[in-house]
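**Q**
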Amino acid sequence: MTNAFSNQWRGLLESLLHRGSTAGADLVEVFLEGTDHIGLLAEQDRITSVTPSFARGAGLRVFRDGRDGFVSTNDLSEAGLQRALDQALAMLGLEAQQLTSAAAFEGLKQLTDHGLTKADWLGRCPSLDQASQCLLQGTAHLDRLGQHLQVRRGSYARDWQEVMVAASDGTFARDIRLHQSTGLSVLAADGDHRSSIGRRYGSSDRPDDLRDWDSEASAAEVCTSAGTMLRADYVDAGQMPAVLANRFGGVIFHEACGHLLETTQIERGTTPFADRVGELIAHPAVTAIDEGLSGGSFGSLSMDDEGMEPERTVLIKDGVLQRFISDRAGELRTGHKRTGSGRRQSHAFAAASRMRNTFIDAGSHTPEQLIESVDQGLYCKAMGGGSVGPTGQFNFSVEEGYLIENGKLTKPVKGATLIGDAKEVMPRISMCANDLELAAGFCGSVSGSVFVTVGQPHIKVDSITVGGR
Amino acid sequence: MMSNNNSLNASDLRDRLQALASREGIRRWDLGAACSDDCSVQVDRGEAKQLKASQRSSITVRVWNNDGLVGITSTTDLSDGGLEQALVGAHTASRFGNPEEIPQFSPLATAPLPELDRPLQPRQGILPLLDTLRDAEADLLGRHPAIQTVPYNGLSESLSQSLYLNSDGALRQMERTQASLYLYARAEEAGRKPRSGGAVRLGLGSSELDVQGCISEAVDRTVSHLDYRPIETGSYRVCFTPEAFLSLLGAFSSMFNARSVLDGVSLSQRDSIGSDVSVPFLNLHDDGLHPGHISAAAFDGEGTPTRRLSLIEGGTLQNFLHSEATARAFSVEPTGHAGLGAKVSVGPDWFVVGSNPQVSSGNSLNHRTESGPFVLIEDLSALHAGVKATQGSFSLPFDGWLVNNGERVSVEAATVAGDIRSVLSGIAHLEAESEVTHRGVSPHVWVDELSITGEA
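The listed protein sequences derive, respectively, from chains A and B. Note that our numbering has the first sequence beginning at 1, numbered continuously upward. Note that our numbering has the second sequence beginning at 1001, numbered continuously upward.
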């Protein structure tokens, strides 16, 4: 069998799907994957780590009466794949040799090859020399533009992935994905004062992305932020209104609400929104969207990891819940139609309903109008990470914050964590500005860590708990 | 025994790599490899939800080129083609090796290994696991009417094999079995917010897991949070459970990490050894060989033997965790805490927090009998987001209780904030009884004057 995934795999895949179907499976799915990864780290003015890695593997999933058995393996030989399939069948009490009245398998459809136009992407990516030079340029800019910098770091990762999906419903699709991310970070230290600031920039489907990167502008952004936060005081804790900046501010929707609109959460009974389609769950100012194709954005896909082309999914329209994000198992178990959102980190995970490019849509206000409307509150210019628990309690950290006093931004503050409950905070997002922007990130959940985009315009939350000192 | 289709043959791997290296003109190389055979189950209200199994393998190859620079590559492909690709990839990457810091073989890569009493346990297979978990879920759901689901649950068992070998003849290998059970329940009462709690158990094999103990702990924790109230924002005396304190300490482990010290991203400096970093009645060890450490390994990624290492003794910083390269920079021996890389990572194995028998805290606090007021913190969350390890600060959501006049009331959503240096130097008391958790060993730890923010 060839190393690349092509129509040559059809015979073997059909034989596996036939074997599973005749054993009594409702559906059999095979996910093949090959990856080629490079990671680079520059520290101060030197490349200190280059980490290439390659992987090949398969994930085989069998459905029977709403349950599924999933087996992953690094062995892509015919015997290895058969062994994995037989193990998955056995989990559901099925045996390959036993013919049952199974759902008929009529063969795979014609291959839908999303990767055809992407064959040269890997070769077009920057060489190690070029990538190293870009990073060292970035750390040199940091040195020139920053003050009190104890550590300067630049990082670059290129993730190339080839996938093929075949299922007994005839699905047969192939794709090539390319993600690149570049980051700059610093640790500024002056006596007892310290600030650590980092920014990441990411894209999909753009081989030339690193060459187009404006490392000087990125370095200036990081240095300005580090300088501002170096002597910032700790925020005073309490309940207050908050204005969250655009781009990565979108993590609030991602954590507070996005995860709760995945069918995985309905299956677990952990979302308060399960029966509320058509109801007002957020302030009427809020329209929220999850889509698979936002040209070049980090969470974009030509097809999901179940071979389905992704759709633009309006989740909330003017505060009213419209749809859930659904994958194959989600549709089977909850009845919510698939949205092309079946995603997984690698062949080692079964796909699950996951966000892609998720954002709150632009409103009609200016960012200044939002800030002017706050008497005493917090302006969150840059967000850190966050999470949501099984009861819908979410949290996320503020990397760069400022006090709002009498409608104006005043002194910088650090150490803030925002916490809340999805059901309570969504109706409190009362104003959206007109400056929607997206930002690249990673989301970890049941099917591993996947590339996502978060985004929003500036938004105002009328009241939120700010943890601090 | 590892199944035939997914196992590593160390001497075969060494011979194949040696032949490939000779062909490529590579004289110095080392390799870390791992493979595993795992299975796990999840259930949902009596039904099997997902049954999973995996056979994984991976190798990481490091080579030194003719200029002495190091390159590295990882692959999951253990075929001759995969090995060749990894070796050539590592050779290519070695052009970018850092001449300022070249890792070498560990001088202890052939030293005797410690004896580990971790007998391999037979695996039960996936269907018996499913029965056990299904019964556990049913038992748990039957314990309290407010508990209606166990949304996060899993029972797994695995057999894994890992090895290290190098062109100087080092050859380390080990096999181990491990099983884990987690049960996180969700409870809800009319007109009240949903609450959750859970428990984890680890064992060498699935048949020896303390299933009943896990169920009881998950029920107790969940039910204890049903009657919640908001807490007023303010400064409180806090008692961390062993699990919570170990989580906090783990998030700031860069304080003890020589790699982080050399990189300038640790709260410690090169000359911090010998300085006072905590109250004098605190001892802290890293003990990867502790009998409670189910995942214990006899050697690290560079083949260095694992050992017990004193980090804080009587409040004074004693040692850092080292790889071969950082140990050389500090003129000490590697401590057995390295990964394998071009830039080798360093990490803790298993923290053991204890009291210094020579010094008393002067307090006799006990979380079971103190009348309060104090906040008992059971679990910290979002450590990846709320900890600034390079600055020492933290602001973290937690689950816990406010204890006042002997009454214990669950705290509605709240955060605790502070500075790890202040916490370590402001510990009021370590209780006498230590607990072995899945994160390490620690007693309950009391700290005065921590900031708590509530929704009140």
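Every residue gets a Cβ at the ideal spot worked out from N, C-alpha and C, and that includes glycine. Model, not experiment: these values are computed from the prediction.
#1: Listed in chain order, which residues of the region 1045-1061 of chain B have Cβ atoms closer than 9 Å to some Cβ of chain A?
#2: Rank ARG1192/B, LEU1031/B, PHE1096/B by C-alpha distance to the C-alpha of THR1075/B and give the top, closest one.
#3: Distance, Cα to Cα, SER397/A vs GLU1378/B?
#4: To which residues of the same chain is ILE1126/B closer than 7 Å at the C-beta, ignoring the five residues directly before and after it?
#5: Where does TRP213/A fall in DSSP's three states?
#6: Are the beta-carbon atoms of PHE63/A and VAL28/A separated by less than 9 Å?
#7: Are the Cβ atoms of HIS1285/B and ASP1399/B separated by less than 9 Å?
#8: At a Cβ cut of 9 Å, what residues of the region 1097-1130 of chain B count as close to chain C, listed as they run along the chain?
#9: If you measure beta-carbon to beta-carbon, which residues of the region 1247-1277 of chain B are closer than 8 Å to chain A?
#10: Within a Cβ cutoff of 8 Å, which residues of the same chain sit near ARG1421/B, ignoring the five residues on either side of it in sequence?
#11: With DSSP as the reference, please indicate the residues paired to CYS432/A in a beta bridge.
#12: Tell me, to the nearest whole angstrom, how far the beta carbon of ARG343/A is from that of SER447/A; I am working on the premise that it is less than 8 Å.
#13: Does the region 69-77 of chain A come close enough to the region 1015-1029 of chain B that 3 or more CB-CB pairs lie under 8 Å?
#14: Within 9 Å (strictly less), CB to CB, does GLU1455/B reach chain A?
#15: So, is the C-beta of ASP1139/B closer than 9 Å to a C-beta in chain A?
#16: Would you say ASP1227/B faces chain A, with C-beta separation under 9 Å as the test?
#17: To be precise: take each residue of the region 352-372 of chain A, compare its Cβ to all Cβ atoms of chain B, and keep it if any distance is under 8 Å. Which residues remain?
#18: Spell out whether any CB of chain B is found under 9 Å from the CB atom of LEU41/A.
#19: If you measure between the beta carbons of GLY1453/B and GLY238/A, is that distance less than 9 Å?
#20: Using 8 Å for Cβ pairs, my map puts GLY377/A next to TYR234/A. What's the rounded Cβ distance?
#21: Per DSSP, HIS1225/B is paired with what?
#22: I'd like to know whether the C-beta of VAL222/A is nearer than 9 Å to at least one C-beta of chain B.
#23: Could you pull out every residue in the same chain whose Cβ sits closer than 6 Å to the Cβ of SER1272/B, ignoring the five residues on either side in sequence?
#24: Using the Cα positions of SER463/A and ARG1172/B, report the straight-line distance between them to the nearest angstrom.
#25: What's the gap between the Cα of ALA433/A and the Cα of ALA42/A?
#26: Would MET1001/B be called buried (16 or more neighbouring beta carbons within 10 Å of its own) or exposed?
#27: Three-state secondary structure (DSSP) at ASN1004/B?
#28: Residues of chain B with CB closer than 8 Å to the CB of SER294/A, please, in chain order.
#29: Ignore the nearest five residues each way along the sequence and tell me which others in GLY1314/B's own chain have a CB closer than 6 Å to its CB.
#30: For GLN1164/B, which residues in the same chain have their Cβ closer than 6 Å to its Cβ, ignoring the five residues on either side in sequence?
#31: Going along the region 251-268 of chain A in order, which residues come within less than 8 Å of chain B, judged by CB to CB distance?
#32: Between the region 1132-1140 of chain B and the region 1151-1167 of chain B, can you find at least three pairs of beta-carbon atoms closer than 8 Å?
#33: Short of 8 Å Cβ to Cβ, which residues in the region 414-437 of chain A face chain B?
#34: What number of angstroms, rounded off, separates the C-alpha of GLY1250/B from the C-alpha of GLY389/A?
#35: With contact counted as at least three CB pairs below 8 Å, one residue from each stretch, are the region 1336-1347 of chain B and the region 1199-1215 of chain B in contact?
#36: Contact check, LEU142/A vs LEU184/A under 8 Å by CB: the rounded distance?
**A** Checking against the coordinates, here is how it stands:
#1: ARG1045, GLU1047, ALA1048, LYS1049, GLN1050, LEU1051, LYS1052, ALA1053, SER1054, GLN1055, ARG1056, SER1057, SER1058, THR1060
#2: LEU1031/B
#3: 21 Å
#4: CYS1039, VAL1041, LEU1051, ALA1053
#5: coil
#6: yes
#7: no
#8: Among the chains of the structure shown, chain C does not appear; the protein chains present are A and B.
#9: ASP1263, GLY1264, VAL1265
#10: LEU1267, VAL1277, GLY1392
#11: ILE459/A
#12: 6 Å
#13: no
#14: yes
#15: no
#16: no
#17: none
#18: yes
#19: It should be noted that the sequence gives Thr, not Gly, for residue 1453/B. Yes, they are a contact pair.
#20: 16 Å between Cβ atoms; not a contact.
#21: Looking at the DSSP assignment, HIS1225/B forms no beta bridge with any residue, so it has no partner.
#22: no
#23: LEU1317
#24: 58 Å
#25: 37 Å
#26: Per-residue confidence for MET1001/B stands at a pLDDT of 33, beneath the threshold of 50, marking its modelled position as unreliable; the derived number appears in the next sentence. Classification of MET1001/B: exposed, given that the 10 Å Cβ count is below 16.
#27: Unreliable positioning characterises ASN1004/B in this predicted model, as indicated by a pLDDT of 41, which lies under 50. A coordinate reading is not provided.
#28: What SER294/A touches in chain B: nothing, since even the nearest Cβ is about 25 Å away.
#29: PRO1280, ASN1356
#30: Just to set this straight, residue 1164/B is Tyr in the shown sequence, not Gln. Cβ within range, chain order: GLY1032, ARG1172, GLY1303.
#31: GLU267, ARG268
#32: yes
#33: LYS414, GLY415, ALA416, THR417, ILE419, GLY420, ASP421
#34: 21 Å
#35: no
#36: 6 Å
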